[in-house]
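Student: Sharing a structure below in structure tokens format, with a few things to ask.
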Amino acid sequence: LDDLVLSPLQTAYPPNPNVYQTPYPDSTASSAPSEDPIIVEADEDKRKRNQAASARFRQKKKQREQHMLEQSRDMHDKTRRLEGEVENLKRENTFLKKLLVEKVDNMNEEDRQLLVK
516 LDDLVLSPLQ TAYPPNPNVY QTPYPDSTAS SAPSEDPIIV EADEDKRKRN QAASARFRQK
576 KKQREQHMLE QSRDMHDKTR RLEGEVENLK RENTFLKKLL VEKVDNMNEE DRQLLVK
């Protein structure tokens, strides 16, 4: 009969492995917000500062993305412009080579010898 007496920390049922039990019998493991107004105010202040910081971060990120997009457009425009210049210079070079060949073909032998020197 003495074996049936339970101590204050024991229960009549075996412990349920799916339920969290704190190592301290008097403490409660709850996620309920504290009722202390100072803590509540501090938590609200922290939350507001975090929201403001998040908003600033998102704004800066958006600005960086816009800046990079503008740079990308500018670089594409510059690339197209430079490719156009390259094509114009190639055409000019071909034209000048043809002129030179025609000029050399129409030169007499004496003038051609001057070019070689």
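The numbering used here numbers the first residue of the sequence shown as 516 and each following residue consecutively.
All C-beta atoms in this analysis are idealised placements derived from N, C-alpha and C, irrespective of residue type, glycine included.
Return the chain-ordered list of same chain residues with a C-beta closer than 7 Å to the C-beta of Lys563, the five sequence neighbours on each side being excluded.
Tutor: none
Student: Considering just the uninterrupted stretch of the alpha helix (DSSP H) at Asn634, what are its terminal residues?
Tutor: Since the first residue of the chain shown is 516 and the last is 632, residue 634 is not available in this structure.
Student: Does the distance from the C-beta atom of Tyr619 to that of Arg606 stay below 9 Å?
Tutor: The displayed chain sequence assigns Val, not Tyr, to residue 619. For Val619 and Arg606, no; Cβs fall outside 9 Å.
Student: Do you know whose CA, among Leu630, Asn603, Glu625, lies nearest Leu615's CA?
Tutor: Leu630
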